[in-house]
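So for the sequence shown, the UniProt record's numbering puts the first residue at 1; every next one is plus one.
All C-beta atoms, glycine included, are put in the ideal place defined by N, C-alpha and C.
Keep in mind the model is a prediction, meaning the values are calculated, not measured.
The structure under discussion appears below in the form of structure tokens.
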Amino acid sequence: MLDISLELKGKGGEVGAGENTLAGCLRRFTKPEKLGAKEYSCSKCTKAHEAVKRLSILKLPPVLSFQFKRFEHKTVSKAVPQKIDTPVRFPASINMAPYTTLVMNNSGKDGASSYSGPEAMYDYDLFAVINHEGQMDNGHYTNYARLQDEWYRFDDDKVTLSNLGACLSSNAYMCFYVKRHLDYKPFMKPTYRLARDKDIVREQEQEKLKEMARMREVDDALMATIAGD
Numbered sequence: 001m002l003d004i005s006l007e008l009k010g011k012g013g014e015v016g017a018g019e020n021t022l023a024g025c026l027r028r029f030t031k032p033e034k035l036g037a038k039e040y041s042c043s044k045c046t047k048a049h050e051a052v053k054r055l056s057i058l059k060l061p062p063v064l065s066f067q068f069k070r071f072e073h074k075t076v077s078k079a080v081p082q083k084i085d086t087p088v089r090f091p092a093s094i095n096m097a098p099y100t101t102l103v104m105n106n107s108g109k110d111g112a113s114s115y116s117g118p119e120a121m122y123d124y125d126l127f128a129v130i131n132h133e134g135q136m137d138n139g140h141y142t143n144y145a146r147l148q149d150e151w152y153r154f155d156d157d158k159v160t161l162s163n164l165g166a167c168l169s170s171n172a173y174m175c176f177y178v179k180r181h182l183d184y185k186p187f188m189k190p191t192y193r194l195a196r197d198k199d200i201v202r203e204q205e206q207e208k209l210k211e212m213a214r215m216r217e218v219d220d221a222l223m224a225t226i227a228g229d
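Have a look at this one:
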């Protein structure tokens with residue numbers, strides 16, 4: 001699982017005009033940032049140089065968690081912390097290829113991107129959303145979660161049937177996406193699988209012993225019948 005925190009404000013500190021989008025936040029997250037000579041020192045030559053910093057995802061995990069930075073803590077002593085309530089639009093599915101290190105490094109000058117493997121391997125589907133209602137000093141958390149094709153809303157001990165539309169229109173604080181095509185294998189078999197396999201083998205051995213005992217009983221009965229004749 002990978003947790004990514006996303007800014008809802010632009011570089012100038014202003015809240016984005018209109019609604020923010022998850023894709024827009026990811027573009028801002030991976031946007032190249034120029035560093036001045038005073039901001040970067042080379043680790044090899046130890047000299048100060050201008051440089052460009054860019055964030056990207058090296059390896060995509062089975063589960064992605066996006067946290068929108070809605071709680072703003074001011075560094076100035078008299079500044080009041082505030083919550084950013086600007087709406088964020090997020091999709092039911094997203095392709096993460098444009099934000100990976102491999103695709104960014106292999107992007108052509110014409111804007112075309114080079115994918116490693118099928119493009120579908122970068123697809124993720126939404127399966128849970130956490131919402132926060134209230135302000136910085138007080139509030140209440142609720143969430144939506146998907147079970148197969150049905151959506152449910154969780155509010156403390158209340159669980160109600162919902163739908164995808166209600167989930168997508170909620171004011172998300174965190175979004176969770178699961179990889180559509182899982183391309184990994186577990187490094188070891190889970191304990192419950194090992195125990196179950198042992199039980200199956202034990203039952204099979206017991207059935208064989210019972211069958212052998214029944215066959216002996218049949219043979220003994222036949223021998224007794226022949227001897228009686």
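How many Å lie between residue i and residue j at the Cα?
| i | j | result |
| --- | --- | --- |
| Ile130 | Trp151 | 13 Å |
| Arg214 | Gln204 | 15 Å |
| Ala195 | Phe90 | 42 Å |
| Tyr126 | Lys53 | One point to set straight first is that residue 126 is Leu, not Tyr, in the sequence displayed. Going from the Cα of Leu126 to the Cα of Lys53 covers about 30 Å. |
| His181 | Ile4 | 21 Å |
| Phe68 | Lys198 | 47 Å |
| Leu2 | Ser65 | 6 Å |
| Glu72 | Pro32 | 23 Å |
| Val218 | Thr225 | 11 Å |
| Leu55 | Ala172 | 23 Å |
| Glu133 | Ser43 | 45 Å |
| Lys83 | Lys38 | 33 Å |
| Ser107 | Val88 | 28 Å |
| Met212 | Gln206 | 10 Å |
Indicate the three-state DSSP secondary structure (helix, strand or coil) for residue i in the structure shown.
| i | result |
| --- | --- |
| Ile200 | helix |
| Arg89 | strand |
| Leu64 | strand |
| Cys25 | helix |
| Cys175 | strand |
| Ile84 | coil |
| Leu55 | coil |
| Asp219 | helix |
| Gly165 | helix |
With 16 as the cutoff for other CB atoms within 10 Å, does residue i come out buried or exposed?
| i | result |
| --- | --- |
| Leu161 | exposed |
| Val201 | exposed |
| Gly111 | Bear in mind that the predicted position of Gly111 carries a pLDDT of just 45, short of 50, making it unreliable; the figure below should be weighed with that in mind. Gly111 should be labelled exposed. |
| Lys109 | Caution applies to Lys109, whose pLDDT of 47 falls short of 50 and renders its modelled position unreliable; the model cannot decide the point. |
| Leu8 | buried |
| Thr46 | exposed |
| Asn20 | buried |
If you compare alpha carbons, which of the options is closest to residue i?
| i | options | result |
| --- | --- | --- |
| Arg70 | Thr86, Pro118, Glu50 | Thr86 |
| Asp123 | Thr101, Cys45, Leu60, Met212 | Leu60 |
| Lys34 | Thr46, Glu50, Val159 | Glu50 |
| Leu22 | Gly139, Gly134, Gln82, Phe176 | Phe176 |
| Ala145 | Ser170, Ile94, Ala97, Asn106 | Ser170 |
| Lys158 | Pro81, Tyr141, Leu6 | Tyr141 |
| Ala166 | Ala128, Leu58, Glu119, Thr101 | Ala128 |
| Ile57 | Gln82, Arg27, Lys208, Lys38 | Arg27 |
| Thr100 | Thr30, Asp149, Met212, Met136 | Thr30 |
| Gln135 | Pro81, Asn105, Asp156 | Pro81 |
Kindly list the residues whose CB is nearer than 8 Å to the CB of residue i, restricted to its own chain and excluding five residues on each side of it in sequence; keep chain order.
| i | result |
| --- | --- |
| Ala92 | Asp125, Leu126, Leu164, Leu168 |
| residue 230 | Beyond the ends of the chain as shown, which are 1 and 229, falls residue 230; an answer cannot be given. |
| Glu119 | Asn95, Ala97 |
Using a Cβ-Cβ cut-off of 6 Å (strictly less than) and excluding sequence neighbours within five positions of residue i, which residues of its own chain qualify?
| i | result |
| --- | --- |
| Phe154 | Asn143 |
| Ser41 | Ala48 |
| Ile94 | Tyr124 |
Tell me which residues share the same chain as residue i and place their Cβ nearer than 7 Å to its Cβ, disregarding the 5 neighbours each side in the sequence.
| i | result |
| --- | --- |
| Gly36 | Glu50 |
| Gly139 | His132, Glu133 |
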